[in-house]
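Read through the structure below, which is laid out as structure tokens, and then see the notes.
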Amino acid sequence: MFDLKINALTHAEFLKEYWQKKPLLIKGGFADFEDPIEPEELAGLAMEDDIESRLITNHDNKWESYHGPFEDFSLLTETNSTLLVQAVDHWHPVAAELLEPFRFIPNWRIDDLMISYSTPGGGVGPHLDQYDVFIIQGEGKRHWRVGMPDANLKEFAQNKSLLQVEQFNAIIDEVLEPGDILYIPPGCPHEGYAVENALNYSVGFRAPDTKDFLSNFADYLIDNELGKTRYSDKTLTLRESSGELKNDEVEQIQNLMLNAIQDKDVIKRWLGNYLSQPKHDMDLLPLDEPISSDELANYLSSQVINRAGGVRTFFQNLEDCLLLSVNNESFQLPFNTLSAVKFLTDKTSFDADEIISSLECLEFAEMLTKLINEGFYYILEEE
Ligand code: SIN
Ligand code: CO
Numbered sequence: 032m033f034d035l036k037i038n039a040l041t042h043a044e045f046l047k048e049y050w051q052k053k054p055l056l057i058k059g060g061f062a063d064f065e066d067p068i069e070p071e072e073l074a075g076l077a078m079e080d081d082i083e084s085r086l087i088t089n090h091d092n093k094w095e096s097y098h099g100p101f102e103d104f105s106l107l108t109e110t111n112s113t114l115l116v117q118a119v120d121h122w123h124p125v126a127a128e129l130l131e132p133f134r135f136i137p138n139w140r141i142d143d144l145m146i147s148y149s150t151p152g153g154g155v156g157p158h159l160d161q162y163d164v165f166i167i168q169g170e171g172k173r174h175w176r177v178g179m180p181d182a183n184l185k186e187f188a189q190n191k192s193l194l195q196v197e198q199f200n201a202i203i204d205e206v207l208e209p210g211d212i213l214y215i216p217p218g219c220p221h222e223g224y225a226v227e228n229a230l231n232y233s234v235g236f237r238a239p240d241t242k243d244f245l246s247n248f249a250d251y252l253i254d255n256e257l258g259k260t261r262y263s264d265k266t267l268t269l270r271e272s273s274g275e276l277k278n279d280e281v282e283q284i285q286n287l288m289l290n291a292i293q294d295k296d297v298i299k300r301w302l303g304n305y306l307s308q309p310k311h312d313m314d315l316l317p318l319d320e321p322i323s324s325d326e327l328a329n330y331l332s333s334q335v336i337n338r339a340g341g342v343r344t345f346f347q348n349l350e351d352c353l354l355l356s357v358n359n360e361s362f363q364l365p366f367n368t369l370s371a372v373k374f375l376t377d378k379t380s381f382d383a384d385e386i387i388s389s390l391e392c393l394e395f396a397e398m399l400t401k402l403i404n405e406g407f408y409y410i411l412e413e414e
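Take 32 as the starting number for the sequence shown in our numbering and just add one per residue.
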């Protein structure tokens, strides 16, 4: 539905030259861009309890931020205000289509689609993000400035929930028009102010840091009763000072910890769950009358299978099987189901007949039955 052109670059060239390296202005990235959502619909989402939203105003240089859900939009004034709604892809299937052109970047790196609506002068101020983002201009125009990372730039709290950065030199300074796109790598300062009422779509990515990985891995060890090898010292000898923790003891503790992460199988199973966890609520519709795996082939025959918005899925190759992960749950499958597994991970919509022969594999049929019963994948049943 949305056909992305990254200037004259191929996806491979974009990754090599720009991804995580430098910002890029993509003029007319989506030709004849049509907004997949109306501002009123966005406001409707911002009224929901389960949906994360914010409103930021900057009247007379005073920045204020408010958290949703909102009962009314009196704060969204004719100028200097912005409404931001997170993870719209979980709730709005048409808007979710905007993630698809960016799936040349792996599923597990994609985070969510955030949409903002700004009135003239409105923005969130100069700031840094820790993650890559593509910002697509929808209706209206917005003036954007983007700089290169600069370790000397100081961040400060404009108010208790709005972190900004001091003024920076821009290498992109441009008024974006509908269909234009900015790619901004992590740490590049940027600011955008609406010139006219403007919709902006941010395709955001995720990249946990070392402490995120380690703390989540520790939780996985606890939950799965792993990591129980205890420190031991059968070779303990007398030492000069009982007050010293010796280098070889430190090394032994390091090795104990390293051994826990050396096991590729454990790491892959943990990553399957961790990296497929959504950060936001899901809008799933479980089947009213669950089907059994015996009924699945008949239920799916000649239908189109759709993946629900916000479902996070990817597969890994283990030693003796495939591991398919879907929203914090993993399934072991034989290697001969790979082509069917790829439909589930790589496509958001496909003909069920493409995978029907894999239903002969019991593990595959049981896995898909569960995912369909729970609403992760669905067919549009006739009324
Ligand atoms: C916005 O759309 O106002 C914010 C996008 C961003 O700068 O991250
Ligand atoms: Co930003």
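C-beta atoms are modelled at their ideal positions from N, C-alpha and C, and glycine is treated no differently.
Remember, predicted model here, so these are calculated numbers, not experimental data.
Sub-8 Å separation of residue i and residue j beta-carbons
i    : j    : result
F165 : Y214 : yes
I202 : P365 : no
F124 : G340 : Correcting the residue identity first, residue 124 is Pro in this sequence and not Phe. Cβ distance < 8 Å, so P124 and G340 count as in contact.
R338 : T379 : yes
S149 : A225 : yes
A328 : L390 : yes
Y409 : L316 : yes
V357 : S307 : yes
A229 : R176 : no
E71  : P151 : no
S84  : L129 : no
P216 : K52  : yes
W122 : L76  : yes
I336 : F381 : yes
N138 : T376 : yes
P180 : G223 : no
Y162 : A238 : yes
D81  : D312 : yes
L194 : E186 : yes
L184 : E197 : yes
F383 : Q334 : Sequence check: residue 383 is Ala here, not Phe. Closer than 8 Å, so yes.
T108 : V155 : no
Nearest neighbour of residue i, chosen from the options [CA to CA]
i    : options                   : result
L353 : S370, G59, D142 and A339  : S370
N89  : L76, I68 and N111         : N111
A126 : D142, W139 and I146       : I146
L302 : L245, N404 and A188       : L245
I212 : D63, Q308 and L287        : D63
E320 : P70, I403 and Q198        : I403
G235 : L194, D120 and S333       : D120
N286 : Y305, A396, R261 and K265 : R261
P309 : S272, P180, F345 and L107 : F345
D91  : E48, Q168 and G153        : G153
P209 : L267, H98, E170 and W94   : E170
S233 : S96, F133 and D384        : F133
D264 : L276, N255 and E256       : L276
E69  : A118, V206 and N231       : N231
V361 : Q347, F374, D243 and E131 : Per the sequence shown, residue 361 should be read as Ser rather than Val. Answer by Cα proximity: Q347.
L411 : E385, L399, L331 and C392 : L331
Q283 : R270, G274, T266 and E271 : T266
K36  : K93, I167 and P157        : I167
M432 : H98, G156, F45 and D66    : Past the boundaries of the shown model lies residue 432; the chain is included only from 32 to 414, so the question cannot be answered.
D34  : E256, I387, A118 and E65  : E65
Q117 : D314, G406 and L144       : L144
F199 : L355, P157, T113 and N255 : P157
I435 : Q293, E205, E95 and E131  : Absent from the structure is residue 435, since the part of the chain shown begins at 32 and ends at 414.
L393 : E405, E350 and N367       : N367
Near the ligand SIN: residue i beta-carbon under 7 Å from a heavy atom
i    : result
H121 : no
S233 : yes
L115 : yes
V155 : yes
S332 : no
S149 : yes
Closer than 7 Å: residue i CB and nearest the ligand CO heavy atom
i    : result
H90  : no
V342 : no
D160 : yes
H221 : yes
V164 : yes
Inset, instruction - For the region 248 to 263 and the region 292 to 303, state whether three or more C-beta atom pairs, one from each stretch, are separated by less than 8 Å. - result: The answer is yes - the region 292 to 303 touches the region 248 to 263, with three or more Cβ pairs under 8 Å.
Legend entry - Contact the region 36 to 54 vs the region 99 to 118: 3+ CB pairs below 8 Å: Counting Cβ pairs under 8 Å, fewer than three are found: no touch.
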